[in-house]
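K.L.:
In full-length UniProt numbering, the protein residues as written are 1 to 152. Glycine residues also receive a C-beta, built at the ideal position from the N, C-alpha and C atoms. Let me give you the structure first, and then I'll get to my questions.
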Amino acid sequence: MRSLAQILLPAGLMVFTAGWVASDNPPQAQSFVDYCAYVGSNLTDHWLGLFCRNNMTAVFGYNYTWIDLDLCIGNNGGQLIPYDNGNYSTSCTNCSFVAIPKKTITLSCLCQDENKQIFNSSLDLNTTLYDDNGSAGCFGHSGNKTLDYPNP
1 MRSLAQILLP AGLMVFTAGW VASDNPPQAQ SFVDYCAYVG SNLTDHWLGL
51 FCRNNMTAVF GYNYTWIDLD LCIGNNGGQL IPYDNGNYST SCTNCSFVAI
101 PKKTITLSCL CQDENKQIFN SSLDLNTTLY DDNGSAGCFG HSGNKTLDYP
151 NP
C-alpha cells in the first residue's frame with residue numbers, strides 16, 4: 001500500500017502533510033454509532049463531544065467524552081480522510097455534523113486543496129472513530145471522559 005506522502009503532491013508542496021504518520025490499520029474497537037449517542041453531541045472548533053457507552057453494563061453507564069478530531073482526520077487535496085494526527089482544522093472551515101441514529105455521524109467541512117481551491121467534503125465518522133469503554137478514540141488516541149448515567 002502506498003503511503004499518503006506518495007499519493008499527495010511531492011514533499012513540501014502541501015502544508016497539510018507535515019508531521020503525518022501513515023497508518024494502514026483501521027480503528028479496532030466497538031462500532032462508534034452503535035455505542036455512542038448523537039443526542040447531546042456537540043462540535044466546537046475541532047472537538048467532538050457526545051455520550052458513549054462504557055463497560056458498566058449493570059447500570060447501563062454512559063460517559064460524556066470529547067475528542068480532538070485533529071488527532072483523527074486529515075485533509076487530502078480538499079477531501080476529509082481518516083488519518084492519524086491529520087490536523088484537518090488547519091485547512092478546513094465551516095464544519096458541522098449530521099447524525100442518523102444507529103447508522104452514521106457525518107462530519108462536513110469546506111476544505112482547501114494545495115491550490116487554495118475550496119471543496120465541500122464529508123467523512124462518515126464511523127470509519128474513523130470508535131468507543132472504548134465510554135471514551136471516543138481513533139488510531140490509539142483516547143478522548144477525555146466524565147461519568148454520567150441516563151435518567152430512569
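Quick one: residues in its chain with C-beta nearer than 6 Å to the C-beta of S89, no 5 flanking neighbours on either side, listed in chain order?
P.N.:
Hits under 6 Å: H46 and D70.
K.L.:
Going by C-alpha to C-alpha distance, which of S96, I100, Q117 and F119 sits closest to S108?
P.N.:
Selected option, being the one with the closest Cα: S96.
K.L.:
Around the C-beta of C92, are 16 or more other C-beta atoms found within 10 angstroms, so that it is buried, or is it exposed?
P.N.:
Buried, since its Cβ has 16 or more Cβ neighbours within 10 Å.
K.L.:
Taking all protein chains shown into account, do 16 or more other C-beta atoms lie within 10 angstroms of the C-beta of N94, making it buried, or fewer, making it exposed?
P.N.:
The residue is exposed, with fewer than 16 neighbouring Cβ atoms inside 10 Å.
K.L.:
In whole angstroms, give me the CA-to-CA distance for N55 and T44.
P.N.:
Taking the straight line joining both Cα atoms gives about 27 Å.
K.L.:
What is the DSSP secondary structure of Y35, counted as helix, strand or coil?
P.N.:
Three-state DSSP puts Y35 in a helix.
K.L.:
Taking only the alpha-carbon atoms, compute the straight-line gap between G61 and Y38 and give it to the nearest angstrom.
P.N.:
Answer to the nearest angstrom: the Cα atoms are 16 Å apart.
K.L.:
Return the chain-ordered list of same chain residues with a C-beta closer than 6 Å to the C-beta of R53, the five sequence neighbours on each side being excluded.
P.N.:
The answer, listed in chain order, is Y35 and Y62.
K.L.:
Please report the distance separating the alpha-carbon of C138 from that of A99.
P.N.:
Whole-angstrom Cα-Cα distance: 18 Å.
K.L.:
Hey, S41 and L80: beta-carbon distance below 7 Å or not?
P.N.:
Against a cut-off of 7 Å, the Cβ pair of L80 and S41 comes out as no contact.
K.L.:
Which stretch, first to last residue, makes up the beta strand (DSSP E) that contains Q79?
P.N.:
Taken as a continuous stretch (DSSP letters only), the beta strand (DSSP E) holding Q79 covers Q79 to P82.
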